[in-house]
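Residue numbers (the working numbering): 120 to 471. Glycine included, each C-beta is placed from N, C-alpha and C at the ideal position.
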């Protein structure tokens, strides 16, 4: 039986199973606990309204502690097992695994949203996010007072925790903000409907996929996640429909998938294509290499998100809301790791 108290003794095993280090796991526990308790005050495990009796883990519960519950859902996201296999690991039936997955995934997503670690989902939300001053405060572990989590797509609050700021001299000249956007595709099962097969087929991946567009900053924090589209939809079309804007004088790096995409007051950096029956000059080749060396950061971010096999492998859920929400949650977990890393770096700089 998979238990936290046995897994924690082997840090490498914990990271392999959950995608988090021991330090990251322990930092996430109080945030997750507050969100879970807030939900269980109002609802039962089955999702029904709770009237009088408060939630208490029974003596032989397969998930007796908050750490066990967090281990359960992180392992599910990281490994993407069948529910039967996951039930075998945690000594519960497949039906109970399904209930706990939806409950704990909603609680985890809600916990990340309460700490402003989820990416913005709308253009207005992104604009407010970029106007926010970065904060170095530690995430609050108080019990959230907002609405309960659910498996529906949650609304994102104004993020302020993911980018700890380091104090700069007042006379220092700030460099223009740097952003990178790109599309990310996730494989799905081959649809049985002929129309859906055409809609979800990606000519680039040569398979049926879902597609989102991400916007990151120079530190790798994900600021924006578009709605989930069929694999056939072009990256530029998604960006056009999202209608997001960036601060004036900022720099946006993109690849050829966004050919023709522009934003007012934003400098677009895109590798130049070789002309037909022609060649690029040495200066143009050097500029393309420089742009690619910056743009590769978003490929690293996408790779980090896809450490969760529920994003990397074929997702077995057909519910569109869950498919979208699981991508949002994995982006939030990435932002959580970035936030902890930058907070630690800021602390080391202050001590030195």
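Asked                                                                                                                                                                                               : Found
If you pair each beta-carbon of the stretch 417 to 425 with each one of the stretch 383 to 393, do three or more pairs fall below 8 Å?                                                              : no
Which residue's Cα is closest to the Cα of residue 362: 151, 239, 194?                                                                                                                              : 239
Could you name each continuous alpha helix (DSSP H) segment of 4 residues or more that falls completely within the stretch 287 to 321, going from the start of the chain to the end?                : 313 to 319
What is the DSSP secondary structure of residue 367, reduced to helix, strand or coil?                                                                                                              : coil
To the nearest angstrom, report how far apart residue 133 and residue 345 are at their CA atoms.                                                                                                    : 31 Å
Looking at C-beta atoms only, is the number of pairs between the stretch 219 to 238 and the stretch 454 to 464 that lie closer than 8 Å three or more?                                              : yes
Going by beta carbon distance, what residues of the same chain come within less than 6 Å of residue 348, once the five residues before and after it are set aside?                                  : 330, 357
If you run the structure through DSSP and keep just helix, strand and coil, what is residue 257?                                                                                                    : Bear in mind that a pLDDT of 49 at residue 257, under 50, signals an unreliable position, so the model cannot answer this.
Within a Cβ cutoff of 8 Å, which residues of the same chain sit near residue 373, ignoring the five residues on either side of it in sequence?                                                      : 299, 300, 301, 380, 387, 388, 389, 414
So, helix, strand or coil for residue 435, using DSSP?                                                                                                                                              : coil
According to DSSP, residue 330 sits in a beta bridge with which residue or residues?                                                                                                                : 304, 348
Could you give the distance in angstroms between the alpha-carbon of residue 309 and the alpha-carbon of residue 316?                                                                               : 7 Å
Mind checking whether residue 211 and residue 181 have CB atoms under 8 Å apart?                                                                                                                    : yes
Report the three-state DSSP secondary structure of residue 335 (helix, strand or coil).                                                                                                             : strand
From the DSSP output, in three-state form, read off residue 373 for me.                                                                                                                             : coil
Name the DSSP bridge partner or partners of residue 387?                                                                                                                                            : 371
Determine, using beta carbons only, whether residue 295 and residue 369 come nearer to each other than 8 Å.                                                                                         : yes
Identify, in the order they occur along the chain, each residue of the same chain with its Cβ nearer than 7 Å to the Cβ of residue 164, setting aside the five sequence neighbours on each side.    : 218, 222
Would the beta-carbon of residue 333 fall within 8 Å of that of residue 417?                                                                                                                        : yes
Tell me which same chain residues have a C-beta within less than 7 Å of the C-beta of residue 428, skipping the five on either side of it?                                                          : 197, 198, 199
Mind checking whether residue 224 and residue 400 have CB atoms under 8 Å apart?                                                                                                                    : no
Starting from residue 217 and walking both ways along the alpha helix (DSSP H), at which residues does that stretch end?                                                                            : 213 to 233
First and last residue of the alpha helix (DSSP H) that includes residue 416?                                                                                                                       : 401 to 424
Would you check if the distance between the CB atom of residue 151 and the CB atom of residue 226 is smaller than 8 Å?                                                                              : yes
Please report the straight-line C-alpha distance between residue 303 and residue 324, rounded to a whole angstrom.                                                                                  : 11 Å
Roughly how many angstroms separate the alpha carbons of residue 409 and residue 376, rounded to a whole number?                                                                                    : 18 Å
What's the C-alpha gap between residue 465 and residue 193?                                                                                                                                         : 27 Å
Mind checking residue 322: buried by the 16 CB within 10 Å criterion, or exposed?                                                                                                                   : exposed
In this structure, does DSSP put residue 342 in helix, strand or coil?                                                                                                                              : strand
Curious, which full-length alpha helix (DSSP H) runs of at least 4 residues does the stretch 139 to 188 contain?                                                                                    : 141 to 159
Give me the residue from 215, 430, 440 with the minimum Cα distance to residue 488.                                                                                                                 : There is simply no residue 488 to check, as the chain begins at 120 and stops at 471 in what is shown.
Here's the rule: buried if 16 or more other CB atoms are within 10 angstroms of the residue's CB, otherwise exposed. What is residue 120?                                                           : exposed
Should residue 467 be labelled buried (16 or more other beta-carbon atoms within 10 Å of its own) or exposed?                                                                                       : exposed
List the endpoints of the continuous alpha helix (DSSP H) containing residue 246.                                                                                                                   : 242 to 250
Cβ of residue 147 within 8 Å of Cβ of residue 189?                                                                                                                                                  : yes
Starting from the C-beta of residue 459, find all residues in its chain whose C-beta is less than 8 Å away, skip the five residues before and the five after it, and write them out in chain order. : 142, 143, 146
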